[in-house]
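One structure below.
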Amino acid sequence: MNNTISYERYHRQMILKNFGEAGQQKLLKAKVLVIGAGGLGCPALQYLAAAGIGTIGIVDDDVVSLSNLHRQILYSVNDIGFPKAERAAGKLGQLNPEITIITYPERLTNQNALSIMDAYDIIIDGTDNFSTRYMINDACILLNKPLVYGAVSQYEGQVAIFNYKKNPAEEAVNYRDLFPNPPKEGEVLNCAEAGVLGVLPGIIGTMQANETIKLITGIGKPLINRMLTFNTLNNRAYEIELFASPETRLLIPENKEVFKETDYDWLCSSIAEQYEIDCNSFDDLLATSNIDVIDVREMDEMPAIEEFSFYQVPLKKLQENVSRIQSDTVVIICQSGVRSLQAAKQLTAIFGTSKKIFSLKGGIIQWKQQHAKQML
Amino acid sequence: MLHLYRYPKLKMQINIIIFGQLCDLLGENLVLENIADTDSLTAILNEKYPGLADSKYMMAVDKKLVTGNTLLNNKSTVALMPAFSGG
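Protein sequences, first through last, are from chains L and W.
Under my numbering, the first residue of the first sequence carries the number 1, and numbering increases by one thereafter.
Under my numbering, the first residue of the second sequence carries the number 377, and numbering increases by one thereafter.
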């Protein structure tokens, strides 16, 4: 790392009141880890690299795909199929070769999380699933690191700073104070199911970078123990005050050894195991012909299904259409298997054990892919 | 303000604002009357909107996160905020 500041590069922010050379030095000395180089991670990384954060770590095990490009603005069509962490690091190196960028092209797990995160001052959560979010939250508490949280859904996003303490005795809010336990898979829709406006993670990820810069330089009023919700449709910004609850402390693994034995995927998935069937089991059930197949996607969602007969009842209208279900075995399908899980849960609440209710794992997309492979 | 004394049991109004995908279930805003506390509010909403009980959300009263049962006042604003996972 270069220890001298490029006055020309950072001139416009160094002339700011309260920022100055001292602020720039603090950024240069700072080490920030961005977990997830996706919709939130891309803009956060760009602004942090541009601002001159001395060391930036990038964790992401995914590769770039075409459906990422409407919101993951570090990538172009030439990057499709290549690892995000490495491609992001390449772009950021061109933007600012004076900083150090370290890549971790691997999935963050309960085994590697503590050792990767320990080398950084501030952690930015740009992940897209609850099991990793809870794991990062718990790891930040065990390592005593501030967490800059951001999350999006459809047209709305949330930003907050968790676990920030001026001194170790202070009480700080963590994510479990808001939502003590992870939702089960299917209780909350992800971006692939619910959709997301591309510009939304751009705004929220940029706000995460802004909060990080404020924390490091000590300027302004960062969102410590507060959460901001922003709605892109009506521009409503709603800020609430958060409070630490002594009960939530009991939910955090008590030490690093217990953390490494905590199965975060399982915490989020036990409802799935109850209902999910794979493509082969679904085909076996189709062959018996004594089943009702219900597609809970909206009417115009693609791909269309021509291979077998089914009812189409969008998830929101399921409750009012239950009388159409006649067979004792019901398989619910949707795009990727998230909404169908919700539907399976709703139907079980209505029918109890009088019907066997299943959700097609991976949705119609995976089923079509598997059948396309079998045709080759 | 005189009627306040004539009618001591004045209607209490609670404003509810809804975030994220809970809007699909409840709409963006609700105004309810005469609800004493957040537990009563939850019970009334769960009865009126099947499916809500299965949703994961937090509640803020007058812009402060609440966890236990919390008393509501006239013109209190209650925010129902679901967990978001997307990134």
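Cβ atoms here follow ideal geometry from the backbone N, Cα and C, with glycine treated the same way.
Note that the structure is predicted; figures quoted are calculated from it, not measured.
Residue 46 of chain L sits in a helix when the DSSP states are folded into three classes.
Its chain contains 335 as the residues whose beta carbon lies nearer than 8 Å to that of residue 301 of chain L, once the 5 sequence neighbours on both sides are disregarded; these appear in chain order. Non-local beta-carbon contacts of residue 66 of chain L in its own chain, meaning distances under 7 Å to residues more than five positions away in sequence, involve 80 in chain order.
Bridge partners of residue 226 of chain L according to DSSP: L/241.
Closer than 8 Å to the CB of residue 49 of chain L there is not a single CB belonging to chain W.
Among the residues of chain W, none has a CB under 9 Å from the CB of residue 363 of chain L; the nearest is roughly 17 Å distant.
Under the 10 Å beta carbon count, residue 18 of chain L is surrounded by fewer than 16 other beta carbons and is classified as exposed. Of all alpha-carbon atoms in W/412, W/434, W/416, the one lying nearest the alpha-carbon of residue 388 of chain W is that of W/412. The segment 176-184 of chain L makes contact with the segment 428-442 of chain W: 3 or more CB pairs, one atom from each, lie closer than 8 Å. Your pair residue 343 of chain L and residue 315 of chain L checks out as a contact, with CB atoms roughly 6 Å apart and the cut at 8 Å.
The segment 25-94 of chain L is shown to contain whole beta strand (DSSP E) runs of 3 or more residues at 31-35, 55-59, in chain order. DSSP places residue 407 of chain W in the uninterrupted beta strand (DSSP E) bounded by 405-409.
Rounded to the nearest whole angstrom, the CA to CA distance from residue 206 of chain L to residue 354 of chain L is 50 Å. Proximity to residue 123 of chain L across L/215, L/346, L/241 peaks at L/215, based on C-alpha coordinates.
Distance between residue 392 of chain W and residue 222 of chain L, taken at the CA atoms: about 27 Å. Residue 263 of chain L is bridged by DSSP to nothing; it lacks a bridge partner. Contact check for residue 458 of chain W against residue 398 of chain W passes: the beta carbons are separated by less than 8 Å. 8 Å or more divides the Cβ of residue 156 of chain L from the Cβ of residue 427 of chain W. In chain order, 294, 295, 296, 321, 324 place their CB closer than 8 Å to the CB of residue 313 of chain L, counting only its own chain and leaving out the 5 sequence neighbours on each side.
In this structure, residue 110 of chain L and residue 135 of chain L form a Cβ contact; the two beta carbons are roughly 6 Å apart against a cut-off of 8 Å. Exclusion of the five residues before and after residue 194 of chain L leaves 153, 154 as the residues of its chain whose Cβ lies within less than 8 Å of its Cβ. Residue 226 of chain L and residue 365 of chain L have their C-alpha atoms spaced approximately 39 Å apart. Between the segment 136-147 of chain L and the segment 246-257 of chain L, the count of C-beta pairs closer than 8 Å reaches three or more; the two stretches touch. Below the 8 Å Cβ cutoff, chain W contributes 393, 395, 439, 455 as neighbours of residue 238 of chain L, in chain order. Put simply, the segment 49-63 of chain L touches the segment 92-104 of chain L. At least three CB pairs are less than 8 Å apart. By the beta-carbon neighbour count (other beta carbons within 10 angstroms, threshold 16), residue 117 of chain L is buried. Listed along the chain, the chain L residues whose CB falls inside 7 Å of the CB of residue 416 of chain W amount to none; the nearest CB is some 21 Å away.
In this structure, the beta-carbon distance from residue 228 of chain L to residue 148 of chain L does not fall below 8 Å. Excluding residues up to 5 positions away in sequence, 98 lie with their Cβ nearer than 7 Å to the Cβ of residue 6 of chain L in the same chain.
The alpha-carbon separation between residue 351 of chain L and residue 289 of chain L amounts to approximately 20 Å.
No Cβ of chain W is located within less than 8 Å of the beta carbon of residue 174 of chain L. Taking 8 Å as the cut-off, the beta carbon of residue 463 of chain W is found closer than this to the beta carbon of residue 39 of chain L. Residue-level contact check: residue 336 of chain L does not touch chain W, since none of the beta carbons of chain W fall below 8 Å from its beta carbon.
Note on geometry: alpha-carbon atoms of residue 112 of chain L and residue 318 of chain L lie some 42 Å from one another. Between residue 288 of chain L and chain W, the shortest Cβ-Cβ separation is not below 8 Å. Closer than 8 Å at the C-beta level to chain W, one finds these residues of the segment 27-44 of chain L: 36, 38, 39, 40, 41.
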